[in-house]
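Protein chains: 2
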Amino acid sequence: MAVKRVTIKMIAQEAGVSPATVSRVVNNKRNVRPEVAERVREAIRKLDYHTNEVARGLVRGTVDTFGVVVPDISNTFFSRICKAIQNTVMPTGAAVFLHNTDGILNRERQIIKELASKLIAGIFLVAPRMPATEIRTLSEELGVYPVVVDARVENCRLAAVWVDNVTAFIEASEHLISKGHKRIGFIAGPLAVANSKDRLDGYRIALRNHGIKEDTSLIYESDFTIEGGYKTAKEMFRKKNPPTAVLCSNDLMAIGVLSYLHKEGVKVPSEVSIVGCDDIDVASSLFPPLTTVSQPIYELGVTAAQMMLQYTSTNEVPHNSILHAKLIIRNSTSNVQQRKSESETRLAEQLSHNAQVQEERDNR
Amino acid sequence: MAVKRVTIKMIAQEAGVSPATVSRVVNNKRNVRPEVAERVREAIRKLDYHTNEVARGLVRGTVDTFGVVVPDISNTFFSRICKAIQNTVMPTGAAVFLHNTDGILNRERQIIKELASKLIAGIFLVAPRMPATEIRTLSEELGVYPVVVDARVENCRLAAVWVDNVTAFIEASEHLISKGHKRIGFIAGPLAVANSKDRLDGYRIALRNHGIKEDTSLIYESDFTIEGGYKTAKEMFRKKNPPTAVLCSNDLMAIGVLSYLHKEGVKVPSEVSIVGCDDIDVASSLFPPLTTVSQPIYELGVTAAQMMLQYTSTNEVPHNSILHAKLIIRNSTSNVQQRKSESETRLAEQLSHNAQVQEERDNR
DNA sequence: TCTCTCCTTGAAAACGCTTTCCAAAATAGC
DNA sequence: GCTATTTTGGAAAGCGTTTTCAAGGAGAGA
C-alpha cells in the first residue's frame, strides 16, 4: 500500500528553511528563532506531517517502544498488568509490543531477541521460569532495559517488582485457622514458579506458627486453571478425612473447587470454606462471593512502568518494589463446622460414591 | 544502553563478501553460490547477527508489524481476540503493537495515526463506534491495511469479520420461548454499538415471530459490566410483574443479574431463567452453569489475522467473513414456573421489600 | 577461438531522519 | 569601531538495510 508520505524535506521547503531546522523544531531544541519555529509549525500543521518513527529510530539507535512479554494474555491477571503498563507508558508517547509465550522458556528467549532487533528501549518480562541471571546477561548483550514483573528477584542488579506472597498467604491461612480450621487443603500453582512456592511457604509457616502439623496429603500441585482446580478438588475430597477448608493459589482454581463442591452438593462455606487469590473481576459475584487474597495487579503494572521510565531516563537500575496483597473477606469462609468423626466419614463416603457413579456414567 | 550491534557490514567482512551478498543470503534471494551462502551463514552464526528491523523498515517503507486496537484489553473478550491474532500472525515473523482505547473515538484516531508513523503494515480494529467510511479514508491516507473485527461492515470495500448476532439472539430467545417464557427481560449493551443493536433486534424478531407482544418496560440498556447487570436487574425486578427470564447481551451482565438474584434469594433457574452471551471461561463454572450464546471469539481473531495476511500479500480487499454463534444450554434456564398471578405479585413485592430494606441499610 | 547468454557479485544510491560541524549573523565587551 | 562571543541555520555525514546497475566469469553454440 504505497502512499506518498510527508517528509521533513517537504516541510523544510514549505517553511523556507532547512531540514535541520525543522528537526530542531520538532524535537524542541533551542537555537531556533521563535518566528521561524512558528513558520515551521504552521507548515507541519498544513501538510499534516508526522515524523517517521522508523527513520528516527534508525539514527537514534533506539525506538520509543517497549516490549511486554507475558505467558498468556487471555488470562485476566496478565491482561490487567498489560493494561496498567499501557496506560502508564502511553502519555510519554511510547508504544508497546505485546507477546504471548505460553510460558515456554525457549519462546521467551526467542521473543526477547526479536524485540531487540526492533530496537525497542525496554522490555517488561513476566516470565516466572526464566532465571534472573539469564535475564540480565541477555538484556545486557542486547542492549535492552529489562524490568521483571511479578517475580521475586533479589540481589541481582535487576529491576523487579513483585508481591509479598509469603506474608499474604500467612495471613490467608491464619484467617482460616482463626475460624477453627485445622485441616486446610492447599492447592498450589506449578511449583516451578517462585510465586507458587512462596504461597505454599506462607501456608506452611502459618500452620507451624499455630502448632498444626502439616499433612502432605492435603497439599496438591495444580496449574492455575479452573479445570485444574476442579480435578484437584475431586481428588482431594474423594479421600478419607477431607479438609474443612481449601486455600487456593489463585481464584481460577478456587472457582474450579467451588464448582466441584456445588456439583456434589457440598455447601460452601458451611461445610467447606474456600479462599482464593488474585481477586479477579468475578470473584465478588460468585456464589458465595469468594474470600480471596487481593493482588495489587494493576499497581504491579503501574509500578513496573514507572520503574522502566526511570530506568531508561537515568540509566540506573531502579530499586526493587515489593507490593502487598490484602485479604478480602467475603462469604466463602466461615467457622469450621463441628463434624463428628462419623459424619466426616459420611462426607467422604458420599463424595466417593458420587464420583464412582459419575465415572460409570462417563464410561458409557 | 549503548551496545555495539553486529551489522551486515561486519558479516560481509567476516565472510569476505559485500554487504549486498549478505543481504541476499539473509533474505533467501537466489543468485548466490551455495558455498558463498554457506560461508555467510557461518559468519552470521559466529557473530550472532540479527537483522536490524528498523533499518530494513526504513528502506522497505514498511515494517513487518501489525497494530491491534481494542477498547479494553483487560476484558477477556478482547484479550482472547488479541491472543488469537498473535498466535496466527507470529509464525510469519510479524509482531503486534497493542493499544487500548477505552472505546474513546478520539483516542482511536490518535492511535491509528501513531501506528502509521511507525510504518506498520496493517491494523486490526476493534472499534465499534468508529464509522466504516472514516476507517477506510483514514487507512487509505495513512497507507495501512485495515481489518475490522467484530463489527458488521457491509458494502464498504473494507475487510471485516463479525458474528451473526441477529440469528444468534433469535435462537437464544426461541430457546426461552420454547420453555414457555413469555415475559423475557432483555439487557442490552450500549446501543451505540452495532452489535448491541443486532442482539436486541434478534430478540425482537423472535418475539414477533412467536406472537409475543413486545413490552418496552422489559428492555434495558446497560454497559457490558457485572455492575451494570447487577444494577439493571435491581431495577428490573423491583417493578411489578417482573420477567420470568432474562436475556443478557453478554456474560458479565448475566453474572451481575445472577449475583443480584442470589442475593435476593430468587432461585435460578426455577424462578427465573438467565441467558448470557460470549461463553467466557467462568460461564460453565457458575452456579448454576450459565446458558449462553457462545461467541467464536478465538476464531474471530484467527479469521481476522488470516484475512490480514491475505490482504497484505495480495493487496486485494478480502471478502468479509461472517461467523456463527452457538447456543450452549446449561442449567441457568428451565421451563417457566407456572406463577399464579398472585404469586407473581408476591415475588415483586418481596423483591421490592428487600430492596427497601437494603436501601435503608445503605443509608445508615 | 570467439561471441552471446546467463549467473554471480560488488559498488553505490537510496530510505527519512538526526546530529555534528561550520559559517554567517547578531550581540556584547572594551 | 573593533574584536570576542553567542545565536542561528545550512550542508553534509551518517544510521543499517535493500535494490539497482553494471561488471566480470563461466558455459554454450558457432
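Chains A and B are the protein sequences, given in the same order.
Mapping to our numbering: the first sequence position 291 is 1671, numbers consecutive.
Mapping to our numbering: the second sequence position 190 is 1570, numbers consecutive.
Using N, Cα and C, we set each Cβ at its ideal position, and we do this for glycine too.
To the nearest angstrom, report how far apart residue i and residue j are at their CA atoms.
i	j	result
residue 1513 (chain B)	residue 1536 (chain B)	7 Å
residue 1612 (chain A)	residue 1665 (chain B)	15 Å
residue 1503 (chain A)	residue 1466 (chain A)	13 Å
residue 1547 (chain B)	residue 1498 (chain A)	44 Å
residue 1722 (chain A)	residue 1658 (chain A)	The pLDDT assigned to residue 1722 (chain A) is 49, lower than 50, so where the model puts this residue is not dependable, and the model offers no usable value.
residue 1706 (chain A)	residue 1515 (chain A)	30 Å
residue 1687 (chain B)	residue 1474 (chain B)	14 Å
residue 1454 (chain A)	residue 1652 (chain B)	31 Å
residue 1697 (chain A)	residue 1479 (chain A)	24 Å
residue 1677 (chain A)	residue 1683 (chain A)	10 Å
residue 1703 (chain A)	residue 1543 (chain A)	5 Å
residue 1424 (chain B)	residue 1571 (chain A)	38 Å
residue 1639 (chain B)	residue 1670 (chain B)	12 Å
residue 1744 (chain A)	residue 1647 (chain B)	Unreliable positioning characterises residue 1744 (chain A) in this predicted model, as indicated by a pLDDT of 42, which lies under 50. The coordinate reading is nonetheless provided below. Approximately 32 Å, taken between the alpha carbons.
residue 1438 (chain B)	residue 1438 (chain A)	8 Å
residue 1568 (chain A)	residue 1662 (chain A)	21 Å
residue 1488 (chain A)	residue 1385 (chain A)	36 Å
residue 1689 (chain A)	residue 1636 (chain A)	39 Å
residue 1574 (chain B)	residue 1654 (chain A)	41 Å
residue 1457 (chain B)	residue 1413 (chain B)	51 Å
residue 1436 (chain B)	residue 1435 (chain A)	10 Å
Strictly below 9 Å CB to CB, what residues from chain B border residue i?
i	result
residue 1477 (chain A)	1445, 1475, 1476, 1477, 1478
For residue i, write down the residues that DSSP places opposite it in a beta bridge.
i	result
residue 1475 (chain B)	B:1445
residue 1568 (chain A)	A:1601
residue 1627 (chain A)	A:1566, A:1655
residue 1540 (chain B)	B:1528
residue 1701 (chain B)	B:1541
residue 1674 (chain B)	B:1658, B:1706
residue 1480 (chain A)	A:1450
residue 1500 (chain B)	B:1443
residue 1505 (chain A)	A:1449, A:1528
Buried or exposed for residue i, please, with buried defined as at least 16 other CB atoms from any protein chain shown within 10 angstroms of its CB.
i	result
residue 1433 (chain B)	buried
residue 1445 (chain B)	buried
residue 1395 (chain B)	buried
residue 1472 (chain B)	exposed
residue 1389 (chain A)	exposed
residue 1699 (chain B)	exposed
residue 1418 (chain B)	exposed
residue 1532 (chain A)	buried
residue 1400 (chain A)	exposed
residue 1594 (chain A)	exposed
residue 1491 (chain A)	buried
residue 1391 (chain A)	buried
residue 1440 (chain B)	exposed
residue 1519 (chain B)	buried
residue 1680 (chain B)	buried
residue 1361 (chain A)	Because chain A spans 1381 through 1744 in this model, residue 1361 (chain A) falls outside it and cannot be assessed.
In chain B, which residues lie with their C-beta within 7 Å of the C-beta of residue i?
i	result
residue 1456 (chain A)	1454, 1456
residue 1460 (chain A)	1454
residue 1604 (chain A)	Within chain B, no residue comes near residue 1604 (chain A); the closest Cβ sits about 12 Å away, beyond 7 Å.
Residue i: which of the options sits nearest, CA to CA?
i	options	result
residue 1452 (chain A)	A:1691, A:1603, A:1623	A:1603
residue 1642 (chain A)	A:1621, A:1589, A:1712, A:1590	A:1712
residue 1596 (chain A)	A:1623, A:1689, A:1500	A:1623
residue 1561 (chain B)	B:1590, B:1690, B:1630, B:1447	B:1590
residue 1621 (chain A)	A:1675, A:1564, A:1574, A:1638	A:1564
residue 1462 (chain B)	B:1580, B:1568, B:1529, B:1552	B:1529
residue 1694 (chain A)	A:1385, A:1407, A:1525	A:1525
residue 1460 (chain A)	A:1660, A:1522, A:1415	A:1660
residue 1429 (chain A)	A:1553, A:1482, A:1387	A:1387
residue 1685 (chain A)	A:1489, A:1468, A:1426	A:1468
residue 1674 (chain B)	B:1442, B:1552, B:1509	B:1552
What does residue i reach in chain A if we use C-beta pairs closer than 9 Å?
i	result
residue 1431 (chain B)	1497
residue 1438 (chain B)	1432, 1434, 1435, 1437, 1438
residue 1635 (chain B)	1661, 1662, 1665, 1666
What in chain B is Cβ-close to residue i, meaning under 8 Å?
i	result
residue 1522 (chain A)	1383
residue 1467 (chain A)	1480
Listing by chain order, which chain A residues have their CB less than 7 Å from the CB of residue i?
i	result
residue 1639 (chain B)	1665
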